[in-house]
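Reviewing the structure listed below.
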Amino acid sequence: MMTDEIPFWKSKTLTEMTSSEWESLCDGCGLCCLNKLEEWDSGDVYFTSIRCKLMDGESCRCTSYPNRWDFVPDCVQLTPEKVPELEWLPPTCAYRLVNDGRDLYWWHPLISGDPETVHIAGVSARGRTVSENDVDLDDFEDYVVDWPLTVEDDMMPNPPAKP
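The sequence shown lines up with residues 1 to 163 when you count with UniProt numbering.
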């Protein structure tokens, strides 16, 4: 007898998830690990193509995730309570999608079963960034980009056809 089990991201709120379910929501895009600039007057936040010094530019994963605060004390810890407040979370972010009652995209590893599909779909930071160690702080404004927030507009609505 087969059962149609509802995936946890459709049956639980962010606060009801186990820590392993929570961590599995991260699609590995790396967009949250990009440096951002905030205008003091307006509060507007702008993404840069400058990645955190701990982010691997190829895998888009943190190279020291369990110890990241030892090296980056202001690293933002995503929590269910913070997700609604973080306006800068990309529109494709699974935490944002689940919080808003929306489903995950076809390329999310929980759907596709493959952590590479986020990169294949072109919605990750892979190959688009430079390490913050290689850019002078005064030059960060030269690296402002909009692709982390507009990626949803360019994304393929369905998986690519198999050859």
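C-beta: ideal position from N, C-alpha, C; glycine also.
Everything numeric in this text was worked out from a predicted model, so none of it was measured.
- Taking the CA atoms as reference points, Arg128 sits about 19 Å from His108.
- Of the residues assessed, Trp9 falls on the buried side of the cut-off, its CB having 16 or more other CB atoms within 10 angstroms.
- Under the 10 Å beta carbon count, Thr63 is surrounded by fewer than 16 other beta carbons and is classified as exposed.
- Beta-bridge annotation (DSSP): Glu38 is paired with Val45.
- Around the CB of Ile50, 16 or more other CB atoms lie within 10 Å, so the residue is classed as buried.
- DSSP lists Leu34, Ser131 as the beta-bridge partner residues of Arg51.
- Note on geometry: alpha-carbon atoms of Asp138 and Glu16 lie some 42 Å from one another.
- For Ala121, there is no enclosing alpha helix (DSSP H), since its DSSP letter is neither H nor E.
- A straight-line Cα-Cα distance of about 26 Å links Val83 and Glu141.
- For the pair Cys29 and Cys60, the CB atoms are nearer than the 8 Å cut-off.
- Around the beta carbon of Ser124, a 10 Å sphere encloses 16 or more other beta carbons of the protein chains shown; the residue is thus reported as buried.
- Under DSSP, Val145 forms a beta bridge with Phe47.
- When the five nearest sequence neighbours on each side are left out, the beta carbons in the same chain lying within less than 8 Å of the beta carbon of Phe71 are those of Lys53, Leu54, Ser64, in order along the chain.
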